[in-house]
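Let me begin by presenting the structure, written as structure tokens, before commenting on it.
In our numbering, the protein residues as written are 37 to 474.
Right under this line is the structure:
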């Protein structure tokens, strides 16, 4: 069955009141973990699904229009296939690092992580590297080690491919070509990564110099290099190959929802899980908790954001127009809301101002070609500013949870912002915007 054609741009817009489920869900994601953590931990699936069903009920029962729901289901499955498969496969690879974690070694490790994020996603790279990162720095690890890992590996690093970060993958699903971000964003990526690594190296050198030599020699990990579960590299290759399947193959779907690439990705994840030895999963403390949380929350997000996208793409919702305005507005919301729907919302708004539809791949490709500065601004902001808080991007909280479980103190929500993202990350992103966004 071929994927259904996009809905016409002139379809009746939903009332503004239908934005409420989307706003409520994003507000819950931002606030509940801070003020009602116990309730949210146990009931977030119900909240997300119920709010999503409110929107689904409106389109099914009031508008009698199933196309937006079908379209959202197709994108949700494709999104979770990529994120979920990378999570499962990276969880089957166990790395042990040899030698002393000097500032130079640490800086090189973060650079490798930033590059790797573009091949296995920020989620996959974060889950693969956070435990070796904690272990190699165990004798002197501090808050800034966790925070800069989030800055570089969980967010900024994944700016060069659609695989790198969820917002870019949503753009890819909508019609942005695979290599568009690499072609247009690599200079901004290089500048941001370089500035963050320089600041980290200064911080880490100061930290390292305070450790007496005899403690370094006694406490430094001296394990041999160890890589286990390397069969999963093959499954990673399968996932990447699925992304590059010919367009004619990708457009074939099962029930209009399960595309061929998503089915291949799910199969690769299953093969990885059942062929990985139990001791490797145990060494990584692997479980499905993080990906289940992402799955439930994004059911609600993909459904509740349908009215927001339709209203934004009308072109009348926002009074901003320049790339710089889009950079800072998209960035401000990406820091405190999930950056994936934020990206899609502002892409829809910017395209709507040009009388183009984000639901049309042809329109998206036209927008990318004719209004590249706007798409660059939105893409950079969504990826980079996702590091602004723990709730800006999915891997951020995953890294914090693993750090806490490993008895490594990660900064609190406010400390993360007041000590790191505002005084360190924000000035760097302002420089990047000033130099790269025109």
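Quick reminder that beta carbons are idealized off the backbone N, C-alpha and C, glycines included.
Sequence-distant residues of the same chain with beta carbon closer than 8 Å to residue 364, five excluded per side = Here the set comprises 417 and 469.
Report the residue from 463, 76, 72 and 110 whose alpha carbon sits nearest the alpha carbon of residue 291.
-> Comparing Cα-Cα distances from residue 291 to each of 463, 76, 72 and 110, the minimum goes to 110.
Would you check if the distance between the CB atom of residue 395 and the CB atom of residue 181 is smaller than 8 Å?
-> Taking the C-beta atoms as reference points, residue 181 is found no nearer than 8 Å to residue 395.
Just how far apart, CA to CA, sit residue 303 and residue 265?
-> Residue 303 and residue 265: Cα-Cα distance of roughly 17 Å.
Burial state of residue 310 (16 or more Cβ within 10 Å) | By the beta-carbon neighbour count (other beta carbons within 10 angstroms, threshold 16), residue 310 is exposed.
Bridge partners - residue 289, DSSP secondary structure assignment | In DSSP, residue 289 forms a bridge with 295.
With 16 other CB atoms within 10 Å as the buried threshold, where does residue 270 fall?
-> So residue 270 counts as exposed.
Hey, how far is the Cα of residue 461 from the Cα of residue 229?
-> Approximately 11 Å, taken between the alpha carbons.
Expressed to the nearest angstrom, what Euclidean distance is found between the alpha-carbon atoms of residue 452 and residue 98?
-> Cα to Cα, the separation comes out at about 44 Å.
Cβ-Cβ distance between residue 127 and residue 320 below 8 Å = Yes; because the gap between Cβ atoms is below 8 Å, this pair is in contact.
Helix, strand or coil for residue 53, going by three-state DSSP, please let me know.
-> In this structure, residue 53 counts as helix in the three-state DSSP scheme.
Is the stretch 191-201 touching the stretch 144-158, taking contact as three or more C-beta pairs under 8 Å?
-> In short, these stretches touch, since the Cβ pair count reaches three.
Helix or strand or just coil, what does DSSP make of residue 175?
-> Here residue 175 sits in coil by DSSP.
From what residue to what residue does the alpha helix (DSSP H) around residue 464 run?
-> Counting along the chain, the alpha helix (DSSP H) containing residue 464 begins and ends at 462-472.
Return yes when the Cβ of residue 100 is within less than 8 Å of the Cβ of residue 316, no when it is not.
-> No.
Applying the criterion that 16 or more other CB atoms from any shown protein chain within 10 Å of the CB defines a buried residue, is residue 389 buried or exposed?
-> Residue 389 is classed as buried because its beta carbon has at least 16 other beta carbons within 10 Å across all chains shown.
Counted within 10 angstroms of its Cβ, other Cβ atoms place residue 314 as buried (16 or more) or exposed | With fewer than 16 neighbouring CB atoms inside 10 Å of its own CB, residue 314 falls in the exposed class.
So, are the CB atoms of residue 297 and residue 276 less than 8 Å apart?
-> The answer is no: Cβ separation not under 8 Å.
Grab me the residues of residue 438's own chain with a C-beta within less than 6 Å of its C-beta, minus the 5 sequence neighbours each way, in chain order.
-> Within the same chain, 166 come within 6 Å of residue 438 by CB-CB distance, once the 5 residues on both sides are set aside.
Within its chain, find whatever has a CB closer than 7 Å to the CB of residue 162; leave out the 5 residues flanking it on each side and keep chain order.
-> Once the five neighbours on either side are set aside, the close Cβ partners of residue 162 are 189, 190, 431, 434 and 435.
State buried or exposed for residue 144, treating a residue as buried only when at least 16 other CB atoms are found within 10 Å of its CB.
-> Per the 10 Å Cβ criterion, exposed.
In whole angstroms, what is the alpha-carbon distance linking residue 65 and residue 399?
-> If I take the Cα positions, the gap works out to 32 Å.
Burial state of residue 208 (16 or more Cβ within 10 Å) | Flag for residue 208 reads buried.
Quick one: is the Cβ of residue 247 within less than 7 Å of any heavy atom of the ligand GTP?
-> Ligands in the displayed structure: none, and consequently the ligand GTP is not present.
Which two residues bound the contiguous beta strand (DSSP E) that contains residue 264?
-> Segment 262-264, the beta strand (DSSP E) holding residue 264.
From the DSSP output, in three-state form, read off residue 166 for me.
-> DSSP places residue 166 in helix when its eight states are reduced to three.
Contained alpha helix (DSSP H) runs [length at least 4] in the stretch 313-339, N- to C-terminal order = Taking only runs of at least 4 residues, the alpha helix (DSSP H) segments lying wholly in the stretch 313-339 are 314-319.
Same chain, Cβ closer than 6 Å to residue 179, neighbours up to 5 away in sequence not counted = Here the set comprises 447.
Counting pairs of beta carbons, one from the stretch 77-94 and one from the stretch 373-385, are three or more of them closer than 8 Å?
-> Not touching, per the Cβ criterion.
To the nearest angstrom, report how far apart residue 170 and residue 339 are at their CA atoms.
-> Residue 170 and residue 339: Cα-Cα distance of roughly 37 Å.
Proximity below 8 Å, CB of residue 375 to CB of residue 428 = Contact: yes.
Which listed residue (92, 76 and 73) has its alpha carbon closest to that of residue 343 = For residue 343, the nearest C-alpha among the options comes from 92.
Per DSSP, what kind of secondary structure is residue 246 in: helix, strand or coil?
-> Looking at residue 246 - three-state DSSP - the assignment turns out to be coil, as it is neither helix nor strand.
Residue environment, residue 70, which counts as buried when at least 16 other CB atoms sit within 10 Å | Counting Cβ neighbours within 10 Å, residue 70 comes out exposed, since fewer than 16 surround it.
Under the three-state reduction of DSSP, which class applies to residue 130: helix, strand or coil?
-> Note: residue 130 maps to strand in three-state DSSP.
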